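Taking it in order: structure first as structure tokens, then the write-up.
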Amino acid sequence: MSGVRHLYVHLPFCAHRCGYCDFVTAVGRVGEHGAYAEAIVGELERVRRRLAPDVETVFVGGGTPTFTEPAALRRVLAALPDADELTVEANPETVTPALAAVLREVGVTRVSVGAQSFDERLLEVLERVAGPDDVRRAVHTLRDAGFDNISLDLVYGIPGQSAADLEADLASALALEPEHLSCYELEAKPGTRFTHAHGAELARQAEAMEGYAEQVVETLTGAGYRWYETANFCRKADGERELRAQHNLAIWRGADYLGIGVGAVSTLGSERRRNAPSVGRYVTALAAGKDPPREVELLDEGTRAVELLMLGLRLDEPFAIDASGVAGVVDRDALDRLVDRGLVERRNGSVLLSPRGRLLGGAVTAELLA
Amino acid sequence: MDQSRIRNFSIIAHIDHGKSTLADRILQLTETVSEREMRDQLLDSMELERERGITIKAQAVRVQWKGHELNLIDTPGHVDFTYEVSRSLQACEGAVLVVDAAQGIEAQTLANAYLAIENDLEIVPVVNKIDLPSADPEGAASEVSELLGGSTEDVVRISAKTGVNVEQVLDAIVARIPAPAGESDAPARALVFDSSYDQYRGVIAFVRVVDGRLPTGAGLRAMAMGTDFDAEELGFMAPQRVPVEALEAGEVGYVVTGLKDVSRLRVGDTLTTRRAGAASPLPGYKDVKPMVFAGLFPTDSDDYPELRDALERLKLNDAALFYEPETSQALGFGFRCGFLGLLHMEIVRERLEREFDLDLLVTAPNVAYQVKEKNGEWVEVHNPADMPRDPEEVQEPYVRAQVIVPKDYVGAVMELCTERRGRFDHMEYLSETRVLLTYELPLGEIVYDFYDQLKSRTRGYASFDYDVAGFRDGELARVDVLVGGEQVDALSLIAHRDAAYERGKLLVERLREEIPRQMFDVPIQAAIGSRVIARETVKAKRKDVLAKCYGGDITRKRKLLEKQKKGKKRMKQVGGVEVPQEAFLAVLNLDGEKKR
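Residue numbers (the working numbering), protein chains in the order written: chain A, 31 to 400; chain B, 1148 to 1743.
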């Protein structure tokens, strides 16, 4: 076994928990950031033997990693193994010239900025701290510091967002010429504060918003971006540069990855581990020289095959059913039906979803499963 | 007992006019049951009967009154059980006709009175509930005497609830109802007017001995069915079973047969002794045929064996219940069941759900059709999906319906009956304010929401009864439903040609609402033969994919996917279209939708 080539690091701290967020987050707690950073370094040491000598990608996500108190953030970033791609997530209001300099200094190659929208009103609905100008300023600051691989996150389907609002958001994002864009439909999870406040409005708008995904795809591909994953776009053919998110691409292709930090998930062959979400318990365990509390899920062959199919069909590259070992979970009759309906294309033993098939990817995958 | 001291009678009444209460008072007054044993409406022993206030299974109780033996034969009070009522009446020489002093004559009063008259019974008219503030005993009495052609003085005015004048009813029974006049020395002939099933003793027949004598241990034969058995025990009900050595001419009692299958001994059959038996049975035996059919499917297909067992057990106590396995491409395995009428269907369904804890999907009821095939043969069709597309001839059952309404609603009732292809027969004023309307109507129109419409258009004032009048030619069309171009068997219906378009249109509109959007456009069509009469489209979904999927939540996304897959499996696949079970119920509520 050659070791794991992809590492995820979770920094859970945030200034504020946005109503729609369902990630493992911890609001404020600045006094604990140092101890948490030490624990991260401790867990990294414990798993280092499982990492390959040449780690390809590291992704630092959150929370808001850049909200982490600067010394603690620097401690974590400095401890990370060298990698070809090192991505850090940042919220616009946290991006200062000083922060950008730190990120450059420790070898960050890619910054993913949580813009979400450029509309004052919609940002308020989402309870974001940043305003539209913060987003633009953040991107300029990162450019000035020399970053040449910036990704923007956008959310669509926000309560009160019209098709014209979405078009304006996309235009504002494109004006910043990001190398990469992630566009997510807002998911209002049942039971969240957000759903309580906006659920009725969302239900009312549901039909009008059904075309938004299409609109996003059309606008971005029209602007020369490659729709390489269901929710992800990157600039095309920029000479030799590969602008897809290499870390996530590896996961979508079924590679093993290690996750450290609270709530972080690792998939190692047939084993999936999930660290417990509590910061306190995490810090205590690692301070005592122990593994963090976590649960383990064993993935049998069929389960993993379902996952590989689910992930692989999100990409714009042909998925080799037989070579990927998922043939056992695919219903061939369903495949024929989907091909007949123009939702799936067959290419010598591989399959690829058509554009419409990709927009219906959930239903298509469910149908394909035997 | 000397036949001259025997009186056999029934109590007949419209629902809720107090038949069971009067029966209870009679049992008390004759000290057949003690106060302590008294339970309201003792004769209605089944839970469901007590709850609905109706009698489903008739029973017979023997009481003593002033040196006479009185046999009270209880009758089921509803139209669906007309044949059982008429057999019960045939076991009697007289009937007590109970009329509510506040309501007057209602449709079932008439139907029952006519049955009694047809059976040559002496009728003792009784006006009940005279204690009610709204009672009009004189008005009710004059309606009754008008109907029966007697004097209002012959009408006994009572309150069964308080017991006032109930003894006058008993005296009138003794004085006016003739004693039985069978031949004691002739070969034995006994009419089976009811039966029930006892888990330990098998079928128990309730009989009226007309001629001769049935001794314990005798070898008996049911003449129409040709079933042989031994009289393991004979006796009468008081109201519990009291064994006797023999049942004599004129007496009413029970026979423990030891038979394990109720279908081998039918109501209306004649029992005789195998040795020196009667040459010919008593007249009037009729094999009752179910007229209303519906598919019963377990909601969870794993419950199919439980449903089969439950139907088998119900059938033990309900010879009129018919069932045969049915396989629907849409609903899976179930049974096509035949019932005497809608109430019978409701009772069976409720018993299956309540006593056997089954969750059922019941398709829209339809009637039995007589169909002439190309080869000239007539067949009976119980399921719209089995109706040939181009039959030579089709006949449908008609009923003779009687509706009694306050005169202000006559127009509304006539309008409804006309809409439902009714043929007006006659109209009669029962009093200054109440009118009796008689119509001939297709039974198929009655099973299609007629009761509800009648009630809502007359504000609940109409009473209604019918009896089946036979099959008539019908201008009928089979309407098929196609989903995604494929015909769905469970949604076919049969309608009169004039109504077929409207019903097909309503049905496809309902289905459009019930069928979830799919990955492609789904056309829904209603067709008669190859002619499409209505069409709707369920538009394709434009998006169905989860936006976000990263390393941290693969497990959750996989579970969502598996759930989506499972949800699809619960739906029925019709031509590649996923159709939820609820959609199959759309056909049941077509008019409900129209009303709103």
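Glycine residues also receive a C-beta, built at the ideal position from the N, C-alpha and C atoms. From a predicted model like this one, the values you see are computed outputs, not experimental measurements.
Taking its Cβ as the centre, do 16 or more other Cβ atoms sit within 10 Å of residue i, making it buried, or is it exposed?
i	result
H226/A	exposed
V57/A	exposed
W1525/B	exposed
I1488/B	In the sequence as displayed, the identity of residue 1488/B is Gly instead of Ile. Classification of G1488/B: buried, given that the 10 Å Cβ count is 16 or more.
Y1401/B	buried
Q1237/B	buried
F1340/B	buried
M1492/B	buried
S1427/B	exposed
G372/A	exposed
A1333/B	exposed
A1254/B	buried
Q1211/B	exposed
P1430/B	exposed
Y186/A	buried
N1275/B	buried
N262/A	buried
Determine which residues share a DSSP beta bridge with residue i and list them.
i	result
M1574/B	L1584/B
M1384/B	R1388/B
C1564/B	For C1564/B, which the question treats as bridged, DSSP gives no partner whatsoever.
H1491/B	For H1491/B, which the question treats as bridged, DSSP gives no partner whatsoever.
E1540/B	K1519/B
Is there a C-beta anywhere in chain B that falls below 9 Å from the one on residue i?
i	result
E248/A	no
L211/A	no
R311/A	no
G293/A	yes
Y38/A	yes
Y258/A	no
T333/A	yes
V77/A	no
L399/A	yes
L373/A	yes
V336/A	yes
F224/A	no
G289/A	yes
G26/A	The requested residue 26/A is not part of the displayed model; chain A covers only 31 to 400.
Relative to the alpha-carbon of residue i, which residue among the options has its alpha-carbon at the smallest distance?
i	options	result
S202/A	W257/A, L103/A, A253/A, D370/A	A253/A
D1612/B	S1157/B, A1260/B, V1399/B	A1260/B
A1637/B	F1482/B, D1416/B, F1731/B	F1731/B
L206/A	R80/A, S181/A, A175/A	S181/A
K1712/B	E1725/B, A1249/B, Q1387/B, D1596/B	E1725/B
R59/A	F43/A, V247/A, A108/A, L156/A	F43/A
P127/A	P100/A, D199/A, L107/A, W257/A	P100/A
A335/A	V1541/B, Y1344/B, I1701/B, P1589/B	I1701/B
F1486/B	K1436/B, V1509/B, P1452/B	K1436/B
E157/A	I290/A, Q146/A, F89/A, V118/A	Q146/A
D174/A	R134/A, L41/A, L216/A	R134/A
I1153/B	A1160/B, I1324/B, V1245/B	I1324/B
H228/A	D286/A, G291/A, G49/A	G49/A
D1283/B	G1296/B, F1444/B, I1305/B	I1305/B
L1268/B	P1512/B, I1158/B, I1173/B, E1178/B	I1158/B
Spell out whether any CB of chain A is found under 9 Å from the CB atom of residue i.
i	result
T1476/B	Note that residue 1476/B corresponds to Gln in the displayed sequence, not to Thr. With 9 Å as the cut-off, Q1476/B does not count as an interface residue toward chain A.
T1702/B	yes
G1699/B	yes
G1723/B	yes
L1693/B	yes
E1709/B	yes
R1689/B	yes
C1564/B	no
R1705/B	yes
Using a Cβ-Cβ cutoff of 7 Å, what residues of the region 1660 to 1673 of chain B are near chain A? List them in chain order. For chain A, the residues of the region 1660 to 1673 of chain B that bring a beta carbon within less than 7 Å of one of its beta carbons are M1666, F1667, in chain order.
Given a limit of 7 Å on CB to CB distance, which residues of the region 267 to 284 of chain A reach chain B? N278, I281
Taking a Cβ distance cut-off of 9 Å, strictly less, list which residues of the region 384 to 397 of chain A are near chain B, in chain order. Listed in sequence order: R386, G387, R388, L389, L390, G391, G392, A393, V394, T395, A396, E397.
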